[in-house]
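**Student:**
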Amino acid sequence: MIEGTKVKLRALRAEDAEHHLRWRNDAETVRLAAAGDPCFGPVTAEAVGLAFDTMLKLVPREAAVFTVEEAGTGRAIGMAEYRDLDPYAGVATIGITIGEKEFWGRGHGSEAVQLVVDHLFGAYGLRRLELDTWSGNERAVRSFTRLGFREEGRRRSAVLVGGERYDRVLFGMLREEWAADTA
Numbered sequence: 010m011i012e013g014t015k016v017k018l019r020a021l022r023a024e025d026a027e028h029h030l031r032w033r034n035d036a037e038t039v040r041l042a043a044a045g046d047p048c049f050g051p052v053t054a055e056a057v058g059l060a061f062d063t064m065l066k067l068v069p070r071e072a073a074v075f076t077v078e079e080a081g082t083g084r085a086i087g088m089a090e091y092r093d094l095d096p097y098a099g100v101a102t103i104g105i106t107i108g109e110k111e112f113w114g115r116g117h118g119s120e121a122v123q124l125v126v127d128h129l130f131g132a133y134g135l136r137r138l139e140l141d142t143w144s145g146n147e148r149a150v151r152s153f154t155r156l157g158f159r160e161e162g163r164r165r166s167a168v169l170v171g172g173e174r175y176d177r178v179l180f181g182m183l184r185e186e187w188a189a190d191t192a
């Protein structure tokens, strides 16, 4: 378990599938988390079950999915992940979804990202972390910037949401930038 003041990150459990099913079938959550990507949702219980079979078998040296819990209650409110961990290049990609809307905009997602960042730089000694979002998710853009991620580029007009085009915004953080913020 990785603990902060607002949230805790714990290992994924089979019973978390019900939360993921609900979050991935909520149109607003899908729109913000994945720019409406139909691969994220809506999905069937069977599809979530298949994904969980894979996620529960992830090797932490390569990838992991955590359940984000509210610190005070233990209520599952979202998921955080890292993937594509390359120990030779010292790079990993991270992601976050807060599925419970009453926790949006209250700092729970930001703290979850910070906990993943601290874990990966601390435990794995990585050199760089990456993440991305789409330009229409302004709350995520602000959060990532506030956490010390730097915008490194944009894939212009790469995302289609509701008939409108948005940029895919790419962020990165180097180990020395993280170390300077934690010193």
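Residues in the sequence shown are numbered from 10 upward in steps of one, following the numbering used here. Every residue gets a Cβ at the ideal spot worked out from N, C-alpha and C, and that includes glycine. Given the structure is predicted, the values throughout are model-derived calculations rather than measurements.
1) Rounded to the nearest angstrom, what separates S166 and F61 at their Cα positions?
2) Under the three-state reduction of DSSP, which class applies to R70: helix, strand or coil?
3) What three-state label does DSSP hand L183 in the structure shown?
4) Whole-angstrom Cβ separation of I103 and V125, contact assumed at under 8 Å?
5) Does D176 come out as helix, strand or coil in the three-state DSSP assignment?
6) Per the DSSP calculation, W143 is bridged to which residue(s)?
7) Report buried or exposed for E78, applying the criterion of at least 16 other Cβ atoms within 10 angstroms of its Cβ.
8) Buried or exposed for G114, please, with buried defined as at least 16 other CB atoms from any protein chain shown within 10 angstroms of its CB.
9) Would you grab the beta carbon distance between V130 and E161 for me? Rounded to a whole angstrom, and I think it's under 8 Å.
10) Where does V52 fall in DSSP's three states?
11) Pull up the distance between the alpha-carbon of V100 and that of L135, whole angstroms please.
12) Quick one: what does DSSP say G118 is sitting in, helix, strand or coil?
13) Does the region 41-53 touch the region 65-74, meaning 3 or more C-beta pairs lie closer than 8 Å?
14) From what residue to what residue does the alpha helix (DSSP H) around R31 run?
15) Looking only at its chain, what residues have a beta carbon closer than 6 Å to the beta carbon of F158, apart from the 5 residues adjacent to it on each side?
16) Would you list the residues sitting across from G162 in a DSSP beta bridge?
17) Quick one: give me the first and last residue of the beta strand (DSSP E) that A20 is part of.
**Tutor:** In terms of the structure at hand:
1) On the sequence shown, position 157 is the one that residue 166 refers to. On the sequence shown, position 52 is the one that residue 61 refers to. Taking the straight line joining both Cα atoms gives about 32 Å.
2) The residue labelled residue 70 in the question sits at position 61 within the sequence shown. Coil, per DSSP.
3) Along the sequence shown, one-based indexing puts residue 183 at 174. L183: strand per DSSP, three-state reduction.
4) As a position in the sequence shown, residue 103 is number 94, starting the count at 1. As a position in the sequence shown, residue 125 is number 116, starting the count at 1. Contact holds; Cβ gap of about 5 Å.
5) Counting from one through the sequence shown, the residue named residue 176 turns up at place 167. Three-state DSSP puts D176 in a strand.
6) Taking the first residue of the sequence shown as 1, we reach residue 143 at position 134. The partner list for W143 (beta bridge, DSSP) reads R177.
7) In the sequence shown, the residue the question calls residue 78 occupies position 69. With 16 or more Cβ atoms within 10 Å of its Cβ, E78 is classed as buried.
8) Looking up residue 114 in the sequence shown gives position 105. So G114 ends up on the exposed side.
9) Within the sequence shown, residue 130 is the residue found at index 121, counting from 1. Within the sequence shown, residue 161 is the residue found at index 152, counting from 1. Before going further, note that residue 130 is Phe rather than Val in the sequence given. Wrong, their Cβ atoms sit about 17 Å apart, outside the cutoff.
10) The residue you call residue 52 lines up with position 43 of the sequence shown. It is coil, neither helix nor strand.
11) Counting from one through the sequence shown, the residue named residue 100 turns up at place 91. Counting from one through the sequence shown, the residue named residue 135 turns up at place 126. Near 6 Å, if we compare the C-alpha coordinates of L135 and V100.
12) Residue numbering aside, residue 118 sits at position 109 when the sequence shown is read from its first letter. Helix at G118.
13) no
14) Working through the sequence shown from its first residue, we reach residue 31 at position 22. Looking at the DSSP string, the run of the alpha helix (DSSP H) that includes R31 is 26-33.
15) Counting from 1 along the sequence shown, the entry for residue 158 is found at position 149. Only F180, M182 meet the Cβ criterion.
16) One-based indexing of the sequence shown puts residue 162 at position 153. DSSP, once it has assigned bridges, lists L179 as partnering G162.
17) The sequence position of residue 20 within the sequence shown is 11, counting from 1. Where A20 is concerned, the enclosing beta strand (DSSP E) stretches over 16-20.
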